[in-house]
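Visitor: Our numbering applies: residue 768 is where the sequence shown begins, and numbers increase by one.
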Amino acid sequence: MSEGYLVVLCTCPDRETALRIAEALVDRKQAACVNVLPGLTSVYEWEGARQCEQEVLAIIKTREEAFAAIEETIRTLHPYELPEIVAVPIAKGFAPYLDWIHRTVQPI
Numbered sequence: 768m769s770e771g772y773l774v775v776l777c778t779c780p781d782r783e784t785a786l787r788i789a790e791a792l793v794d795r796k797q798a799a800c801v802n803v804l805p806g807l808t809s810v811y812e813w814e815g816a817r818q819c820e821q822e823v824l825a826i827i828k829t830r831e832e833a834f835a836a837i838e839e840t841i842r843t844l845h846p847y848e849l850p851e852i853v854a855v856p857i858a859k860g861f862a863p864y865l866d867w868i869h870r871t872v873q874p875i
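(1) Since I857 and V774 are thought to touch, with beta carbons under 8 angstroms apart, how far apart are those beta carbons, to the nearest angstrom?
(2) Got a sec, what are the start and stop residues for the alpha helix (DSSP H) P863 sits in?
(3) Where in the segment 810-849 do unbroken runs of the beta strand (DSSP E), each at least 3 residues long, occur, reported from the N-terminal end onward?
(4) What residue does the beta strand (DSSP E) around A854 start on, and which one ends it?
(5) Taking only the alpha-carbon atoms, compute the straight-line gap between E783 and V793 and give it to the nearest angstrom.
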């Protein structure tokens, strides 16, 4: 069993979608905290054309072993065909905060 922690990033089309995902992740104890940041502009290529969209970013703090469950929850609730779900390992952190993540998240 891993003792690692992750920040998972997920862009959403609107605040309501981001909040629905955030609440589900916290309620299911898959994430300790989710920050919902509006006002994001994403520029990307989709189906051969450049896109520029206003989105909302969900920043998810969790344990490494909860990633698969988080991915499934997001895929179930997210309207995009190909949602952004990327994880970045937390290399260092305030020990009491990381302990709180460990106690709060209950991976399946």
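The beta-carbon is built from N, C-alpha and C at its ideal position, and this holds for glycine as well.
Guide: Here's the rundown:
(1) 6 angstroms
(2) 862-871
(3) Taking only runs of at least 3 residues, the beta strand (DSSP E) segments lying wholly in the segment 810-849 are 816-830.
(4) Counting along the chain, the beta strand (DSSP E) containing A854 begins and ends at 853-856.
(5) 15 angstroms
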